[in-house]
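Here our numbering is used: the first residue of the sequence shown is 701, the next is one more, and so on.
Built from N, CA and C at the ideal position, the CB exists for glycine as well.
For reference, the structure is listed below as structure tokens.
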Amino acid sequence: QVQLVESGGGLVQAGGSLRLSCAASGNTFSITTMGWYRQAPGKPRELVATITDGVTDYADSVKGRFTISRENVKNIVYLQMNSLKPEDTAVYYCDARGYRWVAPWGQGTQVTVSS
């Protein structure tokens, strides 16, 4: 099984930047895709970005502002968030999956963007 631990969240003013990190441990050799989701209060969890064999994909709402990257040797995935907006406020969760499995969610990391 794969375990995920997110970090890097915090409080930032609109227009600012944050970098989130997610460390994966366990059977990491079987991970094919890693990504980030977020959940704002009262809203469903939504996909933010994914990375698979170096190929990235983003939600329309974050394109051009967020960048996902993965450090394979250390099994860490990052989410660089620039030009943050108040609507980016949410708990951010890391995602890891392989063939026919999905890792359990971590505790998430809170991102709060003030206007």
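Reducing DSSP to helix, strand and coil, say where residue i ends up.
i, result
"cysteine 730", "Sequence inspection shows serine at residue 730; the cysteine mentioned does not correspond to that position. Serine 730 falls in the helix class under three-state DSSP."
"aspartate 753", "coil"
"aspartate 788", "helix"
"arginine 738", "strand"
"serine 783", "coil"
"serine 721", "strand"
"alanine 796", "strand"
"valine 762", "coil"
Does the distance from the CB of residue i to the CB of residue j come in under 8 Å?
i, j, result
"lysine 786", "serine 761", "Here the sequence assigns proline to residue 786, which means lysine is not the residue at that position. Cβ atoms of proline 786 and serine 761: not closer than 8 Å."
"leucine 747", "glycine 735", "yes"
Measuring only the C-alpha atoms, how far is residue i from residue j?
i, j, result
"aspartate 753", "threonine 732", "7 Å"
"tyrosine 778", "valine 712", "18 Å"
"asparagine 782", "arginine 800", "33 Å"
"glycine 806", "alanine 790", "15 Å"
(message) I want to know whether the region 710–725 touches the region 742–760 - three or more CB-CB distances under 8 Å.
(response) no
(message) Is it the case that the region 702–712 contacts the region 758–772, given that we only count it when at least three CB pairs across the two stretches are under 8 Å?
(response) no
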